[in-house]
Every structure is written in C-alpha cells, then in structure tokens.
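Residue numbers (the numbering used here), protein chains in the order written: chain A, 1 to 224; chain B, 1 to 224.
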DNA sequence: AGAGTGAAAACTGTTGACAATCCGAAAATG
DNA sequence: CATTTTCGGATTGTCAACAGTTTTCACTCT
C-alpha cells in the first residue's frame, strides 16, 4: 500500500474539488483496475489511513459509487465492491443498447453539419488504426466515439446513464481483446450508424446503434 | 416546522435501518410532495435540527438522493432540489419509454402463467375502477402495474432505472389528473401490452409499452 | 474433537467541534 | 453615484472521538 501525500497536495493547492470527489475518483480507479477485487469490503479505517483522509469523505465517496452501481452497501457491514453475475452483465449490455439506440435516434434529428463531420472523421480515424494495427488507440477512439454520441444527443440523463452503465459493466469484463477482424466488423457497424445519422434517418440510426451494442454483447460472450 | 421525535423512536426501536436511509426517505417524501420546492437548498444545519439527527447522515442521504436525480450538489454550496426543465422532463419520459419497452420484451419471453394471469387481473381491476369512477384507485393501480412489470422482467438494474426515472419526473409534474376518457384510452393500451406478453410476442410487447409511455408524455404535454 | 458460549477486537454508525469557504451588507474609494 | 473592498455571519467541508453492532477467537462443556 502506498501513502498518498499527493491527495494532500491536491487539496492544499485548491479547494475547488472536495476530498469526497477526489476519493471517489481514486476508488473508482482502484475498482475498475481490479486493485479492489469484486466482493472486497471497502474498509473505511484502512482506506482513511492509506488515502490520508478521515472516514467522512470516504463514506460519502462510497455513497457516490453506489450510484454508479460499482459498490453495494449493507447496513452495519459497510460497502462492498459489487459482484456482477453474467446475467446481470448481459442485462447491462441490453440496457446500454436501448439507451444508445435512443441517443442515436435523437442525434439523427438534431445533429449539425459540423457534428456529423466530426463523427465521420472519428470513424475514418478508427479505420486507419485498423490498417496500422494500433489496437489500443482503436479501443480508445471507440470509447470516445460512443461517449461523444451520448453527449451530442443533448440529453443530460442519457449521457449519465450511458456512461454509468459503461463503468458498471467493466466490473466484470476488464477488457475485450479482439482480433483485427472483429475490429473491422465493429467499425463497419459504426459506419452504418453514422450514415443513418447523416441521413437524418432516426429509426435506422436507432436500429443500427442497438444492433451494434447487441453484437458487442455477443462478441464478449464468445470470449468466455 | 415539526419536531420529529418519531425518528428518534424509530432508531432506538431497531438499529437495522440506518439514520441515513430514514433521512433519505423523509427527504424524498418532502421533495416529491413539494414541501421542499425546486431549487431549494437543503440546509444541513436546519434539517439536522428539524429531523433531530446530526449533519453526517443528512449529507449521506443527500448523496443518495443525488443518485435518483432528485438533488444536485454544488461544491461548497451544498445540495439543491433539482429544477427540471420541460425538455429534461421529456427526455426522462423517452428514457422511461425505451426501458419499459425493454422490460416488456423481456417479460414476454419469460413470464410464467401465473404472472400473466396476475397482470391481466390488474388490467381488469383498472377497468372496473373506470366504470366506478374511482380515479385515485386507478392511479394507484396504474403505478403498481408498471412497477410490477419492471419487477417481473427480472432485471435488477432495469427496475432501479425505471423507478428512479419515475421519481425524477415527478419533480415537475406532481400529478396528472385526467378525465375518464383518458383513462379508458390508457387502459386499452395496457390491454395491448398484456396481450402481447401473453402471446410471447416480444417485439409487439416492446412496441406497445413504448408507445404507451410516449402517449403518456403527450397526454401530459397537453395539460400544459 | 465439536458445538456452543461469551468476551474482546474490529468495524460501522453517529456525533459535536473546528477549519475553510461562500455570501451579503456595510464601508471605502474613484 | 457607481464600483470595489472589506468584514462578519452563515454554511459547507473535514476531522477525531464516542456509541453500537458485527465478527473473531479462545474457552468451556458435552
């Protein structure tokens, strides 16, 4: 365990971020990177020593993480890193699919010319990554692409739910390593989505986005 | 403002519910009933006096309410009862629609005979309420009907999201009072949903449920 | 040996006090 | 008179100590 004077430094530098949110981000990182495995109890005392803050902010941070489904609290026993069953993960994929479908439908009706251009360029960039076999970069761009869609769709809650479900599903599958073939298929689906949005065809955009996520679910299932 | 020794009584009676959750429920009630209007700051000191607990549980309860979108926190300024614009409310209706659609599709594939029967009976009961003009009871049954669908669909997160979005939208529209005509239309849609579920026709169930919620959105919009 | 028992340790729940920050009003300045 | 500054009260952020609950583990008894 490392002592973290860095949090001290952060807080003394500027008080615009509360300790609670700092701890929140740190814990989220720990959980998503597997540093805190599924089912682990978030020991308030231990964490307060390691992170160098009192238990108050840690408790509040835990409550915030509860919101994203990353931890679950039990009365008088504390907060535990959530343990996700495969069934639950599949449910999350489905929910994410319908929300993404809705977001794309909205976007198809709202998107400005520059926004359409931005998305087309992202897809082209991903194409380039496939030919140059930069898988890591593709992975990153893919994430950014979907987040950007949710963002541009204009709905505050839509974005919140989409990103929240994205984090939650990462509890179980840390990373999907897929061959370049799979990447190619995936990006073809991206092209369909963007095409439908550029056409202003909301139903088609919705269908394409939904199917893309369902296919993602299948691709993940196949790796088990 | 009322003093609340009842909370004291509750907590001394049994320690199985934490003060945090008690305060959470109380605040939620206050917000949804309009006792705490939109935009109001949740003054921690004042609330701690009124509710008879210290500020810690109140802060944690506020964080929990943040999850359901009932309050929004600003650093160094505290938590405020969320103020919902009409556009945001419409978004919530849409999101709820797609989630309900998903839930009904799932249910169409999963529902047992007794569950199908239960739902048909609920719809019949609502029909009876319409003829006897028991609007309040219809309102209640309607709520129970939809919650039950989300529950029976089997998805933990699905249920959470559906109920959460339901609460959130209530920030803006406290209650939809509709004439018996409107009730009749609404229940006809319920029948379509149940029929599709009984047939095991997932796409039809999804479509019917989604349309029902979209129509609900329209009915609400018309009352403005 | 194994099941039950009870006390101690570890932990979460809660509290009141202190520190940092924000907000508004009065005072100072041009 | 308008604008900025300063100051005090109110409020949120954080902490350390206390209270209550759960868990652990040594001990007893069968």
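Idealized CB from N, CA, C, for every residue including glycine.
- Proximity of residue 136(A) to chain B, defined by a Cβ-Cβ separation below 8 Å, is not satisfied.
- Taking 8 Å as the cut-off, the Cβ atoms of residue 99(B) and residue 162(B) count as close.
- Between residue 133(B) and the set 180(B), 109(B) and 112(B), the nearest pair of CA atoms involves 180(B).
- Annotation: Cβ neighbours of residue 64(B) in chain A (cutoff 9 Å, chain order): 63, 66 and 67.
- Every alpha helix (DSSP H) stretch that sits fully inside the segment 153–201 of chain B and reaches 4 residues is listed by chain position as 156–169 and 180–199.
- Any Cβ of chain B closer than 8 Å to the Cβ of residue 102(A) would place that residue at the interface, and such an atom is present.
- Residue 110(B) and residue 194(B) have their alpha carbons spaced roughly 13 Å apart.
- For residue 48(B), no beta strand (DSSP E) segment is defined; the enclosing uninterrupted segment is the alpha helix (DSSP H) at 44–51.
- In this structure, the CA atom of residue 58(A) is about 34 Å from the CA atom of residue 93(B).
- The beta-bridge partner set that DSSP reports for residue 69(B) is empty.
- CA-CA distance, residue 153(B) to residue 91(A), rounds to 11 Å.
- Burial state of residue 149(A) is buried, judged by a 10 Å Cβ sphere holding 16 or more other Cβ atoms.
- For the pair residue 70(A) and residue 84(B), the Cα-to-Cα distance works out to about 27 Å.
- Contact annotation: residue 61(B) and residue 23(B) have beta-carbon atoms nearer than 8 Å.
- According to the DSSP assignment, residue 101(A) belongs to the alpha helix (DSSP H) that extends over 86–110.
- Our two residues, residue 73(A) and residue 106(B), have alpha carbons roughly 28 Å apart in a direct line.
- At least one CB atom of chain A sits nearer than 8 Å to the CB of residue 94(B).
- For a Cβ distance threshold of 8 Å, nothing in chain B lies close to residue 26(A): the least Cβ distance comes to about 17 Å.
- For residue 161(B), a Cβ of chain A is located within less than 8 Å of the residue's own Cβ.
- Under the three-state reduction of DSSP, residue 41(B) is assigned to strand.
- Per the DSSP secondary-structure output, residue 78(A) pairs in a beta bridge with 74(A).
- Comparing alpha carbon positions, the residue from 127(B), 137(B) and 151(B) closest to residue 189(B) is 127(B).
- In chain order, 36 place their CB closer than 8 Å to the CB of residue 30(A), counting only its own chain and leaving out the 5 sequence neighbours on each side.
- Boundaries of the alpha helix (DSSP H) around residue 27(A): 19–32.
- 69, 75 and 76: these are the residues of the segment 69–83 of chain A whose beta carbon lies less than 8 Å from some beta carbon of chain B, given in chain order.
- Counting only Cβ-Cβ distances below 7 Å, residue 91(B) has contacts in chain A at 155, 157 and 158, in chain order.
- Minimum Cα-Cα distance from residue 201(B) among the listed residues 45(B), 108(B) and 95(B) corresponds to 108(B).
- Using a Cβ-Cβ cut-off of 8 Å, residue 151(B) does not count as an interface residue toward chain A, since no Cβ of chain A sits closer than that to its own.
- Taking the CA atoms as reference points, residue 40(B) sits about 49 Å from residue 135(A).
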